[in-house]
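Have a look at the structure below before the remarks.
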Amino acid sequence: MIEINNLSKRFGDKVVLDNVSGCFEKGKTNLIIGASGTGKSVLLKCMVGLIPPDFGNVSFDGRDFTNGNVDIRQEIRREIGMLFQGSALFDSKNVEENVKFPLDMLTEMSKEEKQERVNFCLKRVGLEKASKLMPSEISGGMQKRVGIARAIALNSKYLFCDEPNSGLDPQTAILIDNLIKEITEEYNITTIVVTHDMNSVLEIGDHILFMYKGEKLWEGTNKEILETEVKALQDFIFANKLIRDFHKRNPS
Amino acid sequence: MKSLGKYLLLLASLFRNRERFQVYIKLIIDEAVLIGIDSIFIVVIVSSFIGAVTAVQTASNLVSPLVPVYIIGTIVRDMTVLELAPTIISVVLAGKVGSNIAGGLGTMRITEQIDALEVMGINSASYLILPKIVASIITFPLLVIIAGFLSIYGGYVAGVLTGVLTEKEYIYGIRYEFSPYNISFAMIKALVFAFLISSISSYQGYFTKGGALEVGQSSTQAVTNSCIAVLCADYLLAQLLL
Numbered sequence: 061m062i063e064i065n066n067l068s069k070r071f072g073d074k075v076v077l078d079n080v081s082g083c084f085e086k087g088k089t090n091l092i093i094g095a096s097g098t099g100k101s102v103l104l105k106c107m108v109g110l111i112p113p114d115f116g117n118v119s120f121d122g123r124d125f126t127n128g129n130v131d132i133r134q135e136i137r138r139e140i141g142m143l144f145q146g147s148a149l150f151d152s153k154n155v156e157e158n159v160k161f162p163l164d165m166l167t168e169m170s171k172e173e174k175q176e177r178v179n180f181c182l183k184r185v186g187l188e189k190a191s192k193l194m195p196s197e198i199s200g201g202m203q204k205r206v207g208i209a210r211a212i213a214l215n216s217k218y219l220f221c222d223e224p225n226s227g228l229d230p231q232t233a234i235l236i237d238n239l240i241k242e243i244t245e246e247y248n249i250t251t252i253v254v255t256h257d258m259n260s261v262l263e264i265g266d267h268i269l270f271m272y273k274g275e276k277l278w279e280g281t282n283k284e285i286l287e288t289e290v291k292a293l294q295d296f297i298f299a300n301k302l303i304r305d306f307h308k309r310n311p312s
Numbered sequence: 058m059k060s061l062g063k064y065l066l067l068l069a070s071l072f073r074n075r076e077r078f079q080v081y082i083k084l085i086i087d088e089a090v091l092i093g094i095d096s097i098f099i100v101v102i103v104s105s106f107i108g109a110v111t112a113v114q115t116a117s118n119l120v121s122p123l124v125p126v127y128i129i130g131t132i133v134r135d136m137t138v139l140e141l142a143p144t145i146i147s148v149v150l151a152g153k154v155g156s157n158i159a160g161g162l163g164t165m166r167i168t169e170q171i172d173a174l175e176v177m178g179i180n181s182a183s184y185l186i187l188p189k190i191v192a193s194i195i196t197f198p199l200l201v202i203i204a205g206f207l208s209i210y211g212g213y214v215a216g217v218l219t220g221v222l223t224e225k226e227y228i229y230g231i232r233y234e235f236s237p238y239n240i241s242f243a244m245i246k247a248l249v250f251a252f253l254i255s256s257i258s259s260y261q262g263y264f265t266k267g268g269a270l271e272v273g274q275s276s277t278q279a280v281t282n283s284c285i286a287v288l289c290a291d292y293l294l295a296q297l298l299l
């Protein structure tokens with residue numbers, strides 16, 4: 061379980077996060093949603109330690125990550141897997157080497173054990189035949205899947221995904237969403253996904269946190285979200301014509 | 058001053074939370090190939106022509122019959138060892154290696170590859186920059202030795218082929234009042250320039266913000282700042298060591 065307590069962050073005069081608190085449970089796909097520029101990605105980066113918050117803290121299963129000592133931070137970091145918006149695969153390494161990288165750097169596994177783990181992870185994301193290709197030789201969707209394989213290579217306890225289906229066609233986006241949900245349930249990990257894609261919200265959102273102007277405005281499930289009375293959230297959800305029309309036809 | 062402080066903090070961070078020694082060995086070898094082996098061609102071309110041009114120009118300026126022609130060899134030798142091989146080759150390498158380092162790190166920064174390393178708990182500065190600096194410190198002196206040899210040989214070829222002086226006169230000239238200390242001085246300069254070029258370029262690339270345009274700007278800035286640093290260090294070292 062990941063807890064965030066009163067996280068605040070400002071860049072100059074601009075308040076990007078304002079006292080955001082929340083709790084993300086194990087085995088669930090937790091979504092942070094909101095329009096562009098509402099602080100979702102900054103919140104995610106504060107959680108994984110890429111940006112230090114001005115105030116507040118993040119704890120992973122009771123361990124204080126923000127204010128913890130170096131050893132605790134290192135220990136937690138090695139339990140985190142992250143899928144970046146642009147996949148962030150290492151250009152100079154092929155698919156297999158990208159997935160093997162965290163194993164090479166952070167484990168004492170033998171060569172055979174590493175290869176076995178890499179094969180397993182690539183098979184899990186359906187890319188066993190692309191292992192020798194370079195990141196520039198594969199599609200955006202495949203790059204995301206390699207990113208997921210790399211994120212789970214170390215048996216991560218926490219999976220963070222920053223807009224995993226941005227720039228993907230709807231079919232591939234659903235494939236990535238489903239893969240994230242399956243992995244979350246299969247390995248019983250805590251997953252946090254930042255997105256502004258309503259399809260993802262309705263498909264995989266076990267727990268949703270809506271951000272608006274740096275604040276947490278709403279929290280609930282994908283079953284409750286369409287019934288919300290919060291105006292800003294309604295505007296966000298029903299900006300999508302398909303959802304608007306569907307909701308008009310099926311108001312219940 | 059803020060940039061200088063940030064640069065020094067970056068250098069200090071290279072030695073914190075380092076990875077295993079074996080990890081660096083492989084990275085240093087890879088970087089040495091990129092920085093050293095891949096630069097041999099440009100070093101060969103530049104140094105050969107520098108030596109040849111120095112010999113020809115010295116000859117054309119030696120109008121007094123009181124000055125012996127073997128002095129052309131002496132001038133080519135001293136200019137090569139003291140200045141042309143370490144400094145000019147370093148300025149050329151600042152363009153080739155510096156822009157490559159800054160461009161590579163800048164691209165890694167804007168495509169979140171550096172963030173990916175940080176999230177894994179890897180000290181990205183140490184993992185990415187330390188091997189580049191060590192590889193530069195190893196390869197630059199070797200490149201300077203090659204440059205020095207080829208520059209003197211270029212002077213020999215140009216001088217002898219154009220009939221300005223004989224082979225014997227040139228060899229006598231390059232041996233005339235030779236001071237071995239000058240070689241040590243050239244090596245010290247190569248080491249200092251290697252450190253400056255690789256660390257300044259890494260700094261520019263590592264802290265790139267924005268997109269493709271900013272990566273280009275970082276590369277340009279890396280080359281400019283490295284060249285300025287090399288020339289300043291050249292002056293300071295000449296004052297201190299000669």
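Order-wise, the sequence lines are chains E and A.
Numbered by our numbering, the letters in the first sequence go through residues 61 to 312 in order.
Numbered by our numbering, the letters in the second sequence go through residues 58 to 299 in order.
Glycine residues also receive a C-beta, built at the ideal position from the N, C-alpha and C atoms.
Strictly below 9 angstroms CB to CB, what residues from chain E border residue i?
i                 : result
ALA286 of chain A : Within chain E, no residue comes near ALA286 of chain A; the closest Cβ sits about 28 angstroms away, beyond 9 angstroms.
VAL80 of chain A  : ASP164, MET165
Would you mind telling me which residues of chain E sit closer than 8 angstroms to residue i, beta carbon to beta carbon, in chain order?
i                 : result
GLN170 of chain A : ALA148, LEU149, PHE150, ASP151
What separation, rounded to the nearest whole angstrom, lies between the Cα atoms of residue i and residue j?
i                 : j                 : result
LEU67 of chain E  : PHE298 of chain E : 29 angstroms
ILE92 of chain E  : PHE220 of chain E : 11 angstroms
GLN79 of chain A  : LYS59 of chain A  : 35 angstroms
ILE212 of chain E : CYS181 of chain E : 7 angstroms
ILE86 of chain A  : ASN154 of chain E : 19 angstroms
ILE132 of chain E : LYS153 of chain A : 42 angstroms
ASN118 of chain A : ALA112 of chain A : 10 angstroms
LEU77 of chain E  : ILE111 of chain E : 12 angstroms
GLY216 of chain A : VAL176 of chain A : 60 angstroms
ILE209 of chain A : SER259 of chain A : 33 angstroms
LYS192 of chain E : ALA148 of chain E : 18 angstroms
ILE136 of chain E : ILE252 of chain E : 15 angstroms
GLY267 of chain A : THR277 of chain A : 15 angstroms
GLY230 of chain A : GLY205 of chain A : 16 angstroms
LEU200 of chain A : SER199 of chain E : 41 angstroms
HIS256 of chain E : SER101 of chain E : 11 angstroms
TYR272 of chain E : THR265 of chain A : 29 angstroms
LYS69 of chain E  : PHE84 of chain E  : 20 angstroms
Can you name the residues of chain A whose CB is closer than 8 angstroms to the CB of residue i?
i                 : result
PRO162 of chain E : MET177
PHE144 of chain E : GLU169, ASP172, ALA173
TYR134 of chain E : According to the sequence provided, residue 134 of chain E is Gln. The question's Tyr does not apply to it. Correct list: ASN74, GLY178.
Short of 6 angstroms in beta carbon distance, which residues of its chain neighbour residue i, apart from the five on each side in sequence? Order them along the chain.
i                 : result
LYS246 of chain A : PRO143, LEU294
VAL103 of chain A : VAL149
ILE249 of chain E : LYS217, LEU219
Can you tell me where the alpha helix (DSSP H) with residue i in it begins and where it stops?
i                 : result
LEU68 of chain A  : 59–70
ASN117 of chain E : Looking at the DSSP string, ASN117 of chain E is not in any alpha helix (DSSP H); the run it does join, the beta strand (DSSP E), is 115–120.
PRO198 of chain A : 181–218
ARG77 of chain A  : Where ARG77 of chain A is concerned, there is no enclosing alpha helix (DSSP H), given that its DSSP letter is neither H nor E.
GLY161 of chain A : 156–167
Between which two residues does the beta strand (DSSP E) containing residue i stretch?
i                 : result
GLY82 of chain E  : 74–84
GLU279 of chain E : 275–280
ASN66 of chain E  : 62–71
GLY201 of chain E : Per DSSP, GLY201 of chain E belongs to no beta strand (DSSP E); it is in the alpha helix (DSSP H), 200–212.
LEU143 of chain E : 140–143
TYR218 of chain E : 218–222
MET271 of chain E : 267–272
ASN90 of chain E  : 89–93
VAL254 of chain E : 250–255
By Cβ distance below 8 angstroms, which residues in the same chain neighbour residue i in space, the five residues on each side in sequence not counted?
i                 : result
LYS301 of chain E : none
ILE171 of chain A : LEU162, MET165, SER181, LEU185, TYR263
For a contact meaning CB atoms closer than 7 angstroms, what does residue i contact in chain E?
i                 : result
SER159 of chain A : In the sequence as presented, Ser is not what sits at residue 159 of chain A; that position holds Ala. Here the premise fails: no neighbours, minimum Cβ distance about 16 angstroms.
GLU76 of chain A  : MET165
What residues of chain A sit near residue i, judged by a beta carbon separation below 9 angstroms?
i                 : result
VAL108 of chain E : ASP172, GLU175, VAL176
ARG138 of chain E : MET177, GLY178
GLN231 of chain E : In chain order: nothing, as chain A lies at least about 25 angstroms away.
Would the beta-carbon of residue i fall within 7 angstroms of that of residue j?
i                 : j                 : result
ILE129 of chain A : LEU71 of chain A  : no
ALA151 of chain A : CYS284 of chain A : yes
ILE208 of chain E : LEU103 of chain E : no
SER183 of chain A : ARG75 of chain A  : yes
MET61 of chain E  : ASP121 of chain E : yes
VAL224 of chain E : ILE243 of chain E : Contrary to the premise, residue 224 of chain E reads as Pro rather than Val in this sequence. Not in contact: PRO224 of chain E and ILE243 of chain E (Cβ atoms no closer than 7 angstroms).
VAL159 of chain E : ARG210 of chain E : yes
ILE203 of chain A : VAL100 of chain A : yes
ASN282 of chain A : ILE254 of chain A : no
VAL272 of chain A : GLY155 of chain A : no
Suppose the cutoff is 7 angstroms on Cβ atoms and the five residues either side in sequence are ignored; what does the same chain contact list for residue i look like?
i                 : result
ILE240 of chain A : VAL138
THR196 of chain A : ALA89, ILE92, GLY93
LYS241 of chain E : THR89, ILE264
GLY109 of chain E : PHE125, ARG133, ARG137
Can you list the residues of chain A that residue i reaches, using a CB-CB cut of under 7 angstroms?
i                 : result
GLN203 of chain E : Within chain A, no residue comes near GLN203 of chain E; the closest Cβ sits about 11 angstroms away, beyond 7 angstroms.
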